[in-house]
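Structure record follows, encoded as structure tokens.
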Amino acid sequence: MQSCYYIEQMFANVNSTGIAGGSVPSPFFIKGSCYDNHSVLPVIDALAPFFPYGGMQKGTLIEVLSSIVGNGACTLAISLLAAASSQGAWCAVAGLTDLGLLATCELGVDLNRMVMVSPPTSPPAPASPFPSAEFWQAIATLLKGIDIVLLNLSLQDTYLQRYIHTIQRLAAIARKYNSICIVLVSGMGTSLQGQAARSIGASVIMEVVSSKWLGPSGGFGRLHSRVALVESTGRGAAAHPARRTLYLPGSDGKVATAG
Amino acid sequence: MEIGMERTLVIITPALLYAGDLDYRSLAPMQVCNALAAVGPSFREVNIGIYSSTIWREPRYFGGEESFAAAAKQAVEDATRDNGVGTTAGVADGMVAALLAACMAVGNGTIVVPQGETPDFLAPLPVHILTGCALHPDILGIDTFGDLARLPEKDVLNRFGRNILYCRQIATGKQGKLTPTIYDSIMKWLAVCLQDGKEPFSAKEHDPGIASRPDGVASKRHGIPNRWSEPPSQQDGQACIAIYDVYRSMGYGSVSMGKLHGGRYPAERAEQIAWTPKEMSSHVPGWHEPGQISLGKTENAVDAGKKNLQLDTSHVAPPAGYVNGQGRSGIGFIGKPEVWLDCAANAGPPSSMDMPEVWSGYLPGPSPVVLYRNPTPVAVRDRKGERVRVYSNGEVSGEPYLLVIGRNAQVWISSWAGPWVFEGRWWERNAYGSHRCHSTGACSTHSTGNHAAKSAGHRSQGKYGMQGIQSTRTQNAYSALRQARIQVVTVSGIGYLLLEEGGYWYMEATYD
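Going down the list, the protein sequences come from chains A and B. Heads up: the first sequence runs through residues 1 to 259, numbered per the numbering used here. Heads up: the second sequence runs through residues 260 to 771, numbered per the numbering used here.
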């Protein structure tokens, strides 16, 4: 595939020069050791039980799934950035053109350390759901300098199947450069249909199983908080499944443990 | 009026600017933006602790620029629970002069520079504030802005280059835009002046060590290292270079950053701003954008700081005649629009979670995570299948029951809340006409002749081909002054924020 070709080219350049594309001043790409397996970036307290080391392990791929669009997976994915961002880590959100920045700020993400990447499109033309080759190349570049890259791939499972190998190459880049790649797959369908999403090979897979909004009733109240059941599984130390009920978000806009 | 020389209000909150508590720094800016939104619609966050607003017509509403500045200052103090360091406000022509005025108003003051008097205001100030180490007054005899302004423009260009020419344009009141380098220089100077509580221009003596490290102020006050004022780290450099690489490969508009500012609903309170290489100058030491005006000929502000270059803080009193007094406590007519939402009065028992709350003037949180740039037209119907309308008194014509998205997608609404009515404020520039065009998959075609109206700034409406509802063109621009929003939850548990404008509904956001 063409997108894989670009990733391979990126690999070739990196291996030969140590620099992305061979065009970037080298002093900026002096990275730490990628074999420091237990170095983690922090997550908020409510999400710490889902990670074996209490935080997101550097150099890994994390996946956030949901069967339908709109049940809180996006909130969950953004909240993974909050603690690390507030402590100085840089974050990039790719493919989420319509990200609500106020909610992002409420979740605790420092907007001064977050960039959003999306293919430039003219307003009347809707963005294509299928990532272009340039988009994949941009993600690979970001993984070399940004601590956490959140990639929105809300595609149907049959389409997602095409990109599994590309995502796995991105995971290799993240491993090499000690960064974290979070893949958001929202609206993948039922569990049986989500086989492709689960076969990406993520270290930790978090899934919003169900959710319910609390608050509004017949014109009274407001959207107060959402209670969501979140499950996680993964590989290695994260293989032991975890299940928590979270406010996603709570009334203050932050993610917290429910009950 | 010259571009960049608009009347500008700047609010500085040193308590926030130099706060060491990271949690406080991450949350307080939003509270400040909320507070400022109640005062004016154009407030922007320049940096954490520094807020600016281009003054449009607001002072007429508040009774003058001084009152407007005082109201904004009071709102910030209330939001930050100012601990005594002192929030200041400055009003002047252009951003640079307003920022300097706010810096000089340290001590809970407000300085208002009358329109057209900015050169006189700047004249006695040391030119080091903007130029850093670029000019050497001992050698050249150029001490103040006034000295610089008196030099012939042609000679300045030939002798000192474009950078100092830009400073001269500021000194003469022809330019007022704030560049990253000038901002860094002013902030460094402010940090020096604030150390030990000394006011700007009155610090006769200063510690060169602290002068070279703005974070010394924060460390000294709080005992906590302040990473925000530290020189850019290698991590910042790596990130910015990666972003720059993406910017080069994908083009302008592909990379953006978020910015909070004033407003009453999510779409108004934050926006995406296209990332440009200018951002590099604040995060990457030594970076100079090709063609960018940089004030230091050989070194920028960060490099200057590393070499312990001292900034001159010789005493210069604020010019006489400018307002420099205590902020007023009066908020003005719209300062605190507190209205109780009395649920009991609306014939329906509120649940325990729906206790009456103070109507803050904003859409209540939590905010939607997905906010559509181009809201999708939808149709909202009641149980009888009729369109739901929001009347001017905030009542709905019927209970929302069915949400029609696009041509065929219909979802049932299980619960809803609202409406929140937002009356347009008369000083808002965009209030007199919306460019939104109601055309969807449910809209077979645009009404004929609408594009002329659209280009004229009026709303253009389509018709619901599927629904068989013929919409009428709304030529009355004043109808755009009122919007209403409701929150709905569908039977599948998804929350949406719907916007009603001129009788038409749009899906504005999803609570994903």
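Backbone N, C-alpha and C fix where the C-beta goes; we use that ideal spot for every residue, glycine too.
Which listed residue (A:S203, A:S217 and A:Y247) has its alpha carbon closest to that of T749 (chain B)
On the second sequence, residue 749 (chain B) is found 490 positions in, with the first residue counted as 1. Nearest C-alpha to T749 (chain B) among A:S203, A:S217 and A:Y247: A:S217.
Just list the residues that DSSP pairs G55 (chain A) with in beta bridges.
On the first sequence, position 55 is the one that residue 55 (chain A) refers to. Paired residue(s): A:P42.
Same chain, Cβ closer than 6 angstroms to M516 (chain B), five either side skipped, listed in chain order:
As a first step, residue 516 (chain B) must be located in the second sequence, where it is residue number 257. Hits under 6 angstroms: I532 and W534.
Which residues in chain D have a C-beta closer than 8 angstroms to the C-beta of E106 (chain A)? List them in chain order.
The chain inventory of the structure shown lacks chain D, comprising the protein chains A and B.
Have a look at B:R421, B:N422 and B:V386 and flag the residue whose alpha-carbon is nearest the alpha-carbon of L407 (chain B).
Position 148 of the second sequence holds residue 407 (chain B). That would be B:V386, whose Cα lies nearest to the Cα of L407 (chain B).
Taking the straight line between their C-alpha atoms, what separation do you get for K144 (chain A) and R113 (chain A)?
Numbered from 1 along the first sequence, position 144 holds the residue referred to as residue 144 (chain A). Numbered from 1 along the first sequence, position 113 holds the residue referred to as residue 113 (chain A). Rounded to whole angstroms, K144 (chain A) and R113 (chain A) show a C-alpha spacing of 16 angstroms.
Are there 16 or more other CB atoms within 10 angstroms of the CB of P241 (chain A), so buried, or fewer, so exposed?
Counting from one through the first sequence, the residue named residue 241 (chain A) turns up at place 241. Burial check for P241 (chain A): the Cβ neighbour count within 10 Å stays below 16, so the residue is exposed.
I'd like the ranges of any alpha helix (DSSP H) spanning at least 4 consecutive residues and lying wholly in the segment 63–119 of chain A.
Counting only unbroken stretches of 4 or more residues, the alpha helix (DSSP H) elements lying wholly within the segment 63–119 of chain A are 73–86 and 101–106, in sequence order.
Given this structure, state the Cα-to-Cα distance separating T88 (chain A) from L170 (chain A), to the nearest angstrom.
Your numbering for residue 88 (chain A) matches position 88 in the first sequence. Your numbering for residue 170 (chain A) matches position 170 in the first sequence. The question names Thr, but residue 88 (chain A) is Gly in the sequence shown. In this structure, the CA atom of G88 (chain A) is about 23 angstroms from the CA atom of L170 (chain A).
Give me, in chain order, the residues of the same chain whose beta-carbon lies closer than 7 angstroms to that of W213 (chain A); leave out the 5 immediate sequence neighbours on both sides.
Counting from one through the first sequence, the residue named residue 213 (chain A) turns up at place 213. Leaving aside the five residues that flank W213 (chain A) on each side, the residues in its chain whose CB is nearer than 7 angstroms to its CB run, in chain order, L223 and R226.
For P608 (chain B), does the count of other Cβ atoms within 10 angstroms reach 16, so buried, or fall short, so exposed?
For the purposes of this step, residue 608 (chain B) is taken as the residue at position 349 of the second sequence. Here P608 (chain B) scores only 30 on pLDDT, less than 50, and its place in the model is too uncertain to base an answer on.
Starting from M835 (chain B), trace the alpha helix (DSSP H) both ways and give me its first and last residue.
Within the shown structure, residues of chain B are numbered from 260 to 771, placing residue 835 (chain B) beyond reach of any answer.
Would you identify the three-state DSSP class for S301 (chain B), choosing helix, strand or coil?
Walking along the second sequence from the start, residue 301 (chain B) turns up at place 42. DSSP, reduced to helix, strand and coil, places S301 (chain B) outside both helices and strands of the structure shown, so it counts as coil.
P183 (chain A) versus N152 (chain A): straight-line alpha-carbon distance, rounded
Start at 1 with the first residue of the first sequence, and residue 183 (chain A) comes out as number 183. Start at 1 with the first residue of the first sequence, and residue 152 (chain A) comes out as number 152. First, the amino acid is wrong: residue 183 (chain A) is Val here, not Pro. When rounded, the distance between both Cα atoms is 6 angstroms.
Answer yes or no: do M354 (chain B) and T272 (chain B) have a C-beta to C-beta separation smaller than 9 angstroms?
Taking the first residue of the second sequence as 1, we reach residue 354 (chain B) at position 95. Taking the first residue of the second sequence as 1, we reach residue 272 (chain B) at position 13. No.
For L662 (chain B) and M668 (chain B), the rounded distance between their alpha carbons
Residue numbering aside, residue 668 (chain B) sits at position 409 when the second sequence is read from its first letter. Residue numbering aside, residue 662 (chain B) sits at position 403 when the second sequence is read from its first letter. The question names Met, yet the displayed sequence has Ala at residue 668 (chain B). Cα-Cα distance, rounded: 8 angstroms.
Which of the three DSSP states, helix, strand or coil, is assigned to E134 (chain A)?
Within the first sequence, residue 134 (chain A) is the residue found at index 134, counting from 1. Three-state DSSP puts E134 (chain A) in a helix.
Beta bridge counterpart(s) of M516 (chain B) as assigned by DSSP:
Within the second sequence, numbered from 1, the residue matching residue 516 (chain B) stands at position 257. Per DSSP, A:V115 and B:I532.
Beta-carbon proximity of V649 (chain B) to E658 (chain B), cut-off 9 angstroms
Position 390 of the second sequence, counting from 1, holds the residue named residue 649 (chain B). Position 399 of the second sequence, counting from 1, holds the residue named residue 658 (chain B). Taking 9 angstroms as the cut-off, the Cβ atoms of V649 (chain B) and E658 (chain B) do not count as close.
Under 8 angstroms, CB to CB, which of the residues in the segment 210–236 of chain A have a partner in chain B?
Those residues of the segment 210–236 of chain A that come within reach of chain B (Cβ to Cβ, closer than 8 angstroms) are S210, S211, K212, W213, L214, G215, P216, S217, G218, G219, F220, G221, R222, L223, H224, S225 and R226.
For E317 (chain B), count neighbouring C-beta atoms within 10 Å of its own C-beta (all shown protein chains included) and say buried if the count is 16 or more, exposed if not.
Start at 1 with the first residue of the second sequence, and residue 317 (chain B) comes out as number 58. When all chains shown are included, E317 (chain B) counts as buried.
To which residues does DSSP link P625 (chain B) through a beta bridge?
Translated into the one-based positions of the second sequence, residue 625 (chain B) becomes position 366. For P625 (chain B), which the question treats as bridged, DSSP gives no partner whatsoever.
Determine the contact status of G236 (chain A) and L61 (chain A), defining contact as a CB-CB distance below 9 angstroms.
Against the first sequence, residue 236 (chain A) aligns to sequence position 236. Against the first sequence, residue 61 (chain A) aligns to sequence position 61. For G236 (chain A) and L61 (chain A), no; Cβs fall outside 9 angstroms.
Find the residues of chain A that neighbour Y631 (chain B), judging by a C-beta separation of less than 8 angstroms, and give them in chain order.
Stepping through the second sequence from its first residue, residue 631 (chain B) is reached at position 372. By Cβ distance, chain A contributes D98.
Could you give the C-beta distance for S760 (chain B) and Q742 (chain B), rounded to a whole number, given that I count them as a contact under 8 angstroms?
Counting from 1 along the second sequence, the entry for residue 760 (chain B) is found at position 501. Counting from 1 along the second sequence, the entry for residue 742 (chain B) is found at position 483. The displayed chain sequence assigns Glu, not Ser, to residue 760 (chain B). The Cβ separation is near 5 angstroms, so the contact holds.
If you count every other CB in all the chains shown that lies within 10 Å of the CB of E304 (chain B), and 16 or more means buried, which is it?
Translated into the one-based positions of the second sequence, residue 304 (chain B) becomes position 45. E304 (chain B) is buried by the Cβ-count criterion.
Mind listing the chain B neighbours of S39 (chain A)? Cutoff is C-beta to C-beta under 9 angstroms, in chain order.
The residue given as residue 39 (chain A) occupies position 39 in the first sequence. Neighbours of S39 (chain A) on chain B: none; closest Cβ ~14 angstroms, over 9 angstroms.
Rounded distance between the beta-carbons of V93 (chain A) and M116 (chain A), thought under 8 angstroms:
Taking the first sequence and counting its residues from 1, one reaches residue 116 (chain A) at position 116. Taking the first sequence and counting its residues from 1, one reaches residue 93 (chain A) at position 93. Contact holds; Cβ gap of about 5 angstroms.
Chain A partners of Q746 (chain B), CB-CB under 7 angstroms?
The sequence position of residue 746 (chain B) within the second sequence is 487, counting from 1. What Q746 (chain B) touches in chain A, judged by beta-carbon distance under 7 angstroms, is P216, R222 and L223, going in chain order.
So which residues on chain A does D771 (chain B) lean against when the C-beta distance must stay under 8 angstroms?
As a first step, residue 771 (chain B) must be located in the second sequence, where it is residue number 512. By Cβ distance, chain A contributes V69, G70, N71, G72, A73, C74, T75 and S186.
Counting C-beta neighbours from all protein chains within 10 Å, is the total for K537 (chain B) 16 or more, i.e. buried, or is it exposed?
Numbered from 1 along the second sequence, position 278 holds the residue referred to as residue 537 (chain B). When all chains shown are included, K537 (chain B) counts as exposed.
Cα separation between I180 (chain A) and W315 (chain B)?
Here residue 180 (chain A) is taken as the residue at index 180 of the first sequence, counted from 1. Here residue 315 (chain B) is taken as the residue at index 56 of the second sequence, counted from 1. Their backbone Cα atoms lie some 45 angstroms apart in a straight line.
Considering only C-alpha positions, which residue in the set B:Y425, B:Q497, B:T369 and B:A364 is nearest to N178 (chain A)?
Reading the first sequence from its first residue, position 178 is the one you call residue 178 (chain A). Nearest C-alpha to N178 (chain A): B:Q497.
Range of the contiguous alpha helix (DSSP H) that encloses N204 (chain B)
With chain B covering only 260 through 771, there is no way to say anything about residue 204 (chain B).
Would you mind telling me which residues of chain B sit closer than 9 angstroms to I146 (chain A), beta carbon to beta carbon, in chain order?
As a position in the first sequence, residue 146 (chain A) is number 146, starting the count at 1. Neighbours of I146 (chain A) on chain B, chain order: Q497, A498, A501 and I502.
Environment of A239 (chain A) [buried if 16+ CB atoms lie within 10 Å]
Stepping through the first sequence from its first residue, residue 239 (chain A) is reached at position 239. Label assigned to A239 (chain A): exposed.
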